[in-house]
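Asker: The structure's right below; bear with me while I get my questions together.
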Amino acid sequence: MIDELRKQLDEGSVTSEELFEEAVKSAKEVQDTYNPFVTILDKYKIRRRANSILTGIPYTLKDNISTSNILTTASSNILKDYVPVYDATVYQKLKKAGAVLVGKTTLDELAMGGTGTTAATGVVRNPWNSNCLIGGSSAGSAVSVALGIVPFSIGSDTGDSIRKPASFGGVVGFKPTYGRISRYGLFAFASSLDHVGVFTRSVRDAAIVTDIIKGYDAKDMTSLKDEDKSYTDELEKPLTHKKLCYIKEICDINQYNDPKVIETLRKFHDFIDKCRNQGFTVDEVSFDKVLLDAIYPTYMIISCAEATSNNANLTGIQFGPRGDGNSIDEVMFSARTKGFSELIKRRFVLGSYILQKENQEKLFLNACRCRRLIVDRVNELFKDYDGIILPASGGGAPSFDSSSEQVTDQQLILENHMAIGNFGGFPSITIPFTFVKDMPVGINITGRVMEDDILLHIANEVEKITGLRGLKVGDRHV
Ligand code: GLN
Numbered sequence: 019m020i021d022e023l024r025k026q027l028d029e030g031s032v033t034s035e036e037l038f039e040e041a042v043k044s045a046k047e048v049q050d051t052y053n054p055f056v057t058i059l060d061k062y063k064i065r066r067r068a069n070s071i072l073t074g075i076p077y078t079l080k081d082n083i084s085t086s087n088i089l090t091t092a093s094s095n096i097l098k099d100y101v102p103v104y105d106a107t108v109y110q111k112l113k114k115a116g117a118v119l120v121g122k123t124t125l126d127e128l129a130m131g132g133t134g135t136t137a138a139t140g141v142v143r144n145p146w147n148s149n150c151l152i153g154g155s156s157a158g159s160a161v162s163v164a165l166g167i168v169p170f171s172i173g174s175d176t177g178d179s180i181r182k183p184a185s186f187g188g189v190v191g192f193k194p195t196y197g198r199i200s201r202y203g204l205f206a207f208a209s210s211l212d213h214v215g216v217f218t219r220s221v222r223d224a225a226i227v228t229d230i231i232k233g234y235d236a237k238d239m240t241s242l243k244d245e246d247k248s249y250t251d252e253l254e255k256p257l258t259h260k261k262l263c264y265i266k267e268i269c270d271i272n273q274y275n276d277p278k279v280i281e282t283l284r285k286f287h288d289f290i291d292k293c294r295n296q297g298f299t300v301d302e303v304s305f306d307k308v309l310l311d312a313i314y315p316t317y318m319i320i321s322c323a324e325a326t327s328n329n330a331n332l333t334g335i336q337f338g339p340r341g342d343g344n345s346i347d348e349v350m351f352s353a354r355t356k357g358f359s360e361l362i363k364r365r366f367v368l369g370s371y372i373l374q375k376e377n378q379e380k381l382f383l384n385a386c387r388c389r390r391l392i393v394d395r396v397n398e399l400f401k402d403y404d405g406i407i408l409p410a411s412g413g414g415a416p417s418f419d420s421s422s423e424q425v426t427d428q429q430l431i432l433e434n435h436m437a438i439g440n441f442g443g444f445p446s447i448t449i450p451f452t453f454v455k456d457m458p459v460g461i462n463i464t465g466r467v468m469e470d471d472i473l474l475h476i477a478n479e480v481e482k483i484t485g486l487r488g489l490k491v492g493d494r495h496v
């Protein structure tokens with residue numbers, strides 16, 4: 019993890035070049051089996067005279083984050099040869115800090131999807147068990163951290179794309195408050211929901227990396243003003259915010275018959291008891307079931323509409339492979355037909371339908387109202403509680419063999435709630451807390467907007483209770 023690497027680098031027991039070479043070597047070794055990378059870099063590059071806690075430390079970036087002179091495909095055929103001419107702010111900040119980029123990671127095409135199976139370059143596999151998926155969309159980022167190739171990776175999260183693969187991969191996944199990290203250079207999916215965030219193997223590392231990449235950016239109009247606070251330093255203070263709640267309608271075991279969900283919830287409730295023993299208050303609260311059931315359709319309506327509009331520039335004209343045809347319409351039609359997979363086309367068809375004038379009021383605007391009702395209810399809870407704690411998935415990662423194991427609707431109830439974090443721009447974190455059938459499962463904690471420091475602080479204390487800090491594939495577990 020970062021502190022240890024920092025110490026080794028400072029003492030001179032290892033050099034940054036050695037760390038880079040080692041990371042590149044293991045990246046190449048695992049690529050055939052797990053497919054986490056779109057690009058593995060082979061040239062060591064570091065900003066001279068950089069001096070930060072991340073100087074010399076290797077990391078990976080999701081391939082929907084713009085890197086000048088480095089291929090950036092968003093794992094889509096429509097961008098398969100796209101080499102940007104500009105850097106995303108998050109990449110620029112990491113460069114300035116002296117962090118060393120090792121590779122660009124595979125994602126579900128254009129960050130849509132949650133399985134890690136829809137990249138143009140193939141399926142990403144779970145390093146805990148290669149017959150299982152890792153989840154997405156930030157699939158390769160989760161794998162690169164879970165395998166310990168790098169101590170941190172940068173991903174994006176529109177519905178749960180950092181926090182779900184973090185759960186399936188046994189790593190920490192954190193997305194801060196909306197606007198805290200600049201999205202300049204992140205390929206837009208659904209702008210009102212998109213966040214940049216981090217994967218690490220400890221909450222402390224998540225704080226360290228976020229401290230480096232957060233901050234106001236005039237190039238992102240949703241960027242928040244700077245705050246004068248180091249999240250890492252806050253972790254050292256005594257925690258005074260220890261009031262958590264969980265939602266009864268999600269966590270009540272009696273309503274389920276799926277054995278995986280039941281085992282996950284049993285372990286969840288045992289864990290909540292441990293938190294109580296460690297001085298946390300954890301109350302059960304009620305949340306209107308109608309609103310909970312509305313989360314997924316609300317998310318789909320808003321995200322597909324925004325995605326259709328945001329991706330209208332992918333025509334093969336300005337960038338990406340040129341389509342065939344005699345007119346501009348034919349050229350675009352051909353590029354988009356060849357360039358997008360079925361999932362993407364389906365979402366654009368939905369998005370176009372939703373945005374049609376006659377449907378806007380009934381579909382899009384109603385979904386926005388629903389979003390507001392959900393966020394209002396959550397903010398009501400935040401009057402009494404510092405965080406909402408819930409399982410991050412309804413069991414460990416599902417296997418590819420769908421005949422034996424399909425993701426059931428019951429399992430989805432335990433993950434769909436994570437979009438709440440995007441609806442309200444709330445900071446939200448997943449940390450590993452247990453194993454179900456030998457696969458890791460995470461716990462998700464969501465906090466008040468602008469209180470990223472408090473959320474990280476709570477997560478840091480909760481992490482101590484899990485005993486899984488620093489978890490890595492291959493570690494023994496009970
Ligand atoms: N799984 C969700 C989707 O399919 C979320 C994706 C994301 O957060 N980027 O859109």
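The numbering of the sequence shown is my numbering, which starts it at 19 and goes up by one.
Just so you know, even glycine gets a beta-carbon here, dropped at the ideal spot from N, CA and C.
Bear in mind the structure is a predicted one, so any value in this text is a computation, not a measurement.
(1) So what does DSSP say about Lys490, is it helix, strand or coil?
(2) Can Ala129 be considered in contact with ligand 1, in the sense that its beta carbon sits closer than 8 Å to one or more heavy atoms?
(3) Hey, is Lys182 close to ligand 3, as in C-beta under 8 Å from one of its heavy atoms?
(4) Quick one: Cα of Val496 to Cα of Leu430, how far?
(5) Would DSSP call Leu23 helix, strand or coil?
(6) In whole angstroms, give me the CA-to-CA distance for Tyr100 and Ile230.
(7) Going by DSSP, what residues sit across from Tyr77 in a beta bridge?
(8) Are the Cβ atoms of Ser210 and Lys237 separated by less than 9 Å?
(9) Exposed or buried, what is Asp126 when buried is set at 16 or more other beta-carbons lying within 10 Å of its beta-carbon?
(10) Mapping the DSSP letters down to three states, classify Asn87 as helix, strand or coil.
(11) I'd like to confirm the pairing. Which residues does DSSP put opposite Met457 in its beta bridges?
(12) Throw me the rounded Cβ distance for the Lys278 and Gly413 pair, which I believe falls under 8 Å.
(13) Looking at C-alpha atoms only, which residue of Lys113, Ser94 and Glu481 is the closest neighbour of Ser70?
(14) Using the Cα positions of Lys98 and Gly334, report the straight-line distance between them to the nearest angstrom.
(15) Say whether the segment 358–372 touches the segment 180–200, bearing in mind that this needs 3 or more beta-carbon pairs closer than 8 Å, one atom from each stretch.
(16) Who pairs with Val303 in a beta bridge, going by DSSP?
(17) Is the segment 437–449 touching the segment 471–488 in the sense that three or more CB pairs, one from each, lie closer than 8 Å?
(18) Roughly how many angstroms separate the alpha carbons of Asp50 and Ser159, rounded to a whole number?
(19) Should Asp175 be listed as close to ligand 1, given that the test is whether its C-beta is under 8 Å from any heavy atom?
(20) Rounded to a whole number of angstroms, what is the C-alpha to C-alpha distance between Phe207 and Thr240?
(21) Give the range of the alpha helix (DSSP H) segment to which Asn82 is assigned.
(22) Does the segment 70–81 come within contact of the segment 116–124, defined as at least 3 CB pairs closer than 8 Å?
Answerer: Reading off the structure:
(1) coil
(2) yes
(3) Absent from the structure shown: ligand 3. Ligands present: ligand 1.
(4) Note that Val496 scores a pLDDT of 46, beneath 50, so its modelled location is shaky and nothing firm can be said.
(5) helix
(6) 28 Å
(7) Leu119 and Phe170
(8) no
(9) buried
(10) coil
(11) Val454
(12) 3 Å
(13) Lys113
(14) 11 Å
(15) no
(16) Ile265
(17) yes
(18) 16 Å
(19) yes
(20) 15 Å
(21) No alpha helix (DSSP H) holds Asn82; DSSP gives it neither H nor E.
(22) yes
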